[in-house]
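To keep things clear, I will list the structure first and then write my remarks on it.
Residue numbers (our numbering): 234 to 695.
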């Protein structure tokens with residue numbers, strides 16, 4: 234059954250989350266304002282877009298990946314979108330219906346389908362990565378899926394058979410060395426595995442890291458000398474899920490730990506720092522400061538509501554936080570740095586793993602749905618200043634990606650790009666803000682000739 238024929242759609246399949254069913258190519262898009270001369274490349278946004286009506290309960294983590302790209306060249310824009318054609322989606326297309334359950338409701342997989350596509354669909358619906366000349370679509374429960382620049386699916390990529398297990402949707406590229414650092418987690422042992430790929434695209438290091446519980450570890454951080462892992466008590470319970478219960482539970486007594494491992498180190502070398510329980514979905518950045526490591530991220534006090542798979546509404550907002558890890562004394566100090574609730578944090582990726590003055594966070598007027606935002610804030614960590622930009626009352630934004638000006642010299646020489654959809658008109662724009670003047674009017678609005686559903690993460694590839 235096609236998604237259009239779903240009899241009682243999930244709340245995650247209505248409104249601005251309603252999937253689109255066509256793949257388009259549109260050229261010479263209308264532009265309100267002017268695309269900056271230095272902004273040449275492709276803006277890519279990934280997200281869930283199921284092609285078939287779900288077998289049971291549905292959560293956005295289950296949806297087929299659909300990548301939307303806006304290509305900018307010499308002031309001219311074009312748009313293209315494509316499904317990530319996973320083995321699972323191809324098996325479903327052959328049968329004309331959904332064949333896989335989801336995290337909200339596990340389902341028996343037909344043995345014939347499982348032989349074709351595995352026991353779980355690799356939707357690759359969460360993020361994108363470009364490294365060593367290859368473009369990938371990512372989800373944290375599967376291996377990366379290689380795409381062409383025009384978004385056609387090439388297939389899953391396992392680094393010549395060296396990658397065992399999944400890749401996080403938030404790998405980190407060291408801008409100085411070109412190395413790619415990432416991890417994969419699993420509800421089955423080994424629960425955590427760390428990997429390094431060199432600048433040429435060769436997987437050169439893998440090591441298992443022992444954890445007491447199988448946890449959902451969505452993001453991590455790198456510095457010039459270390460990698461940081463966040464072991465929070467959002468614990469997988471496959472046994473409960475097989476009996477019809479939730480697949481995840483929050484166990485406050487298990488506590489939270491920050492793991493510090495030398496880059497390229499053995500899992501046995503990790504050093505754990507116990508802290509008060511919290512959950513971090515995404516990080517801004519981390520960096521070295523003498524014997525200390527500084528970590529910045531929006532902090533949830535508990536597991537986010539949307540991760541509980543039964544309700545599209547968040548139960549609490551995350552707030553910007555700082556942790557200072559003193560390697561010499563073995564202590565951690567932390568503090569809230571602002572009272573604005575927001576998520577999908579970003580920095581200038583050219584400074585990943587090193588000290589960043591400016592932090593960008595997507596904001597919600599009220600914290601009702603964890604993938605819906607209404608603006609952005611720019612934090613200056615030196616002066617303490619914060620500058621906001623909110624869109625119109627009926628407009629909803631996504632993640633704000635920093636696109637550096639190739640001719641710039643300052644950290645904030647560049648632009649912030651975000652997909653913005655107007656509920657009132659059902660139209661979508663790619664909005665360009667001057668990162669020097671975040672509170673000012675947009676530099677450009679690039680009119681996309683279709684509504685782009687709310688999705689997950691975006692990137693800018695010059």
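All C-beta atoms, glycine included, are put in the ideal place defined by N, C-alpha and C. Computed from a predicted structure; not experimentally measured.
Locate the alpha helix (DSSP H) running through residue 345, then write down its first and last residues. 344-350
Thinking C-alpha only, which one of 250, 243, 574 and 391 is nearest residue 629? 250
Quick check on the DSSP output: the alpha helix (DSSP H) that includes residue 330 runs from which residue to which? Premise fails: residue 330 is in no alpha helix (DSSP H) and is neither H nor E.
Report the start-end ranges of each beta strand (DSSP E) in the region 270-321 that is 3 residues or longer and not cut off at the edges. 274-281, 298-306 and 309-316
Report yes or no: do the region 408-420 and the region 595-614 share at least 3 C-beta pairs separated by less than 8 Å? no
Tell me whether the beta-carbon of residue 279 lies closer than 8 Å to the beta-carbon of residue 365. no
When you compare the CB positions of residue 462 and residue 450, do they come within less than 8 Å of one another, or not? yes
Cβ-based neighbour list, residue 253, same chain, cut-off 8 Å, excluding 5 preceding and 5 following: 282, 299, 314, 683, 684, 685 and 686
By how many angstroms is the C-alpha of residue 344 removed from the C-alpha of residue 517? 42 Å
Could you check how far apart the C-beta atoms of residue 336 and residue 475 are, in whole angstroms? I think they sit under 8 Å. Going by Cβ atoms, the distance from residue 336 to residue 475 rounds to 13 Å, so no, they are not a contact pair.
Among 646, 579, 653 and 635, whose alpha-carbon lies nearest the alpha-carbon of residue 608? 653
Take the Cβ of residue 426 as the centre, count every other Cβ of all protein chains shown within 10 Å, and call the residue buried at 16 or more, exposed below. buried
Are the CB atoms of residue 551 and residue 579 within a distance shorter than 8 Å? no
Measuring straight from C-alpha to C-alpha, what distance separates residue 323 and residue 297? 11 Å
Since residue 222 sits in a beta bridge, which residues does DSSP pair it with? There is no way to answer for residue 222, as the model of the chain reaches only from 234 to 695.
What's the call for residue 327, buried or exposed, on a 16-neighbour Cβ count within 10 Å? exposed
Between residue 394 and residue 662, what straight-line distance do the alpha-carbon atoms span, to the nearest angstrom? 40 Å
Let me know the alpha helix (DSSP H) ranges lying completely inside the region 485-530, each 4 residues or longer, listed in chain order. none
Sorted by chain position, which residues of the same chain lie with C-beta nearer than 7 Å to residue 590's C-beta, five sequence neighbours on each side aside? 613, 614, 615 and 644
For residue 569, which residues does DSSP report across the bridge? 554
So which of 265, 431 and 388 has the shortest CA-CA distance to residue 404? 431
Find out if the Cβ-Cβ distance for the pair residue 464, residue 492 is shorter than 8 Å. yes
Residue 193 versus residue 571: straight-line alpha-carbon distance, rounded: Summary: the structure shown does not reach residue 193, with the chain confined to residues 234 through 695, and so no result is reported for it.
Please look up how many angstroms separate the CB atoms of residue 245 and residue 316, rounded, as I've assumed it's under 8 Å. So it is not a contact: roughly 18 Å between Cβ atoms.
With 16 other Cβ atoms within 10 Å as the buried cut-off, status of residue 575: buried
Let me check understanding here. Comparing Cα to Cα, which of 356, 309, 311 and 304 lies closest to residue 321? 356
With a CB to CB cut of under 6 Å and the five nearest residues on each side skipped, what residues in its chain are close to residue 691? 278, 632 and 634
Residue 519 versus residue 586: straight-line alpha-carbon distance, rounded: 5 Å
What's the C-alpha gap between residue 483 and residue 466? 6 Å
In or out: residue 544 buried (at least 16 other Cβ within 10 Å) or exposed? Residue confidence for residue 544 is low, a pLDDT of 47 falling below 50, so the modelled location carries little weight and cannot support an answer.
Using DSSP with H/G/I as helix, E/B as strand and the rest coil, what is residue 668? coil
C-alpha distance - residue 546 paired with residue 602, whole-angstrom precision: Low confidence applies here, because residue 546 scores a pLDDT of 44, under 50, leaving its location unreliable; read the following figure in that light. Cα-Cα distance, rounded: 5 Å.
Would you kindly check if the distance between the Cβ of residue 499 and the Cβ of residue 440 is under 8 Å? yes
Closest to residue 588 by C-alpha separation, out of 681, 555 and 679, would be which residue? 555
Given a cut-off of 8 Å on the beta-carbon distance, is the pair residue 648 and residue 269 in contact? yes
Contact check, residue 302 vs residue 360 under 8 Å by CB: the rounded distance? With a Cβ gap of about 14 Å, residue 302 and residue 360 do not count as contacting.
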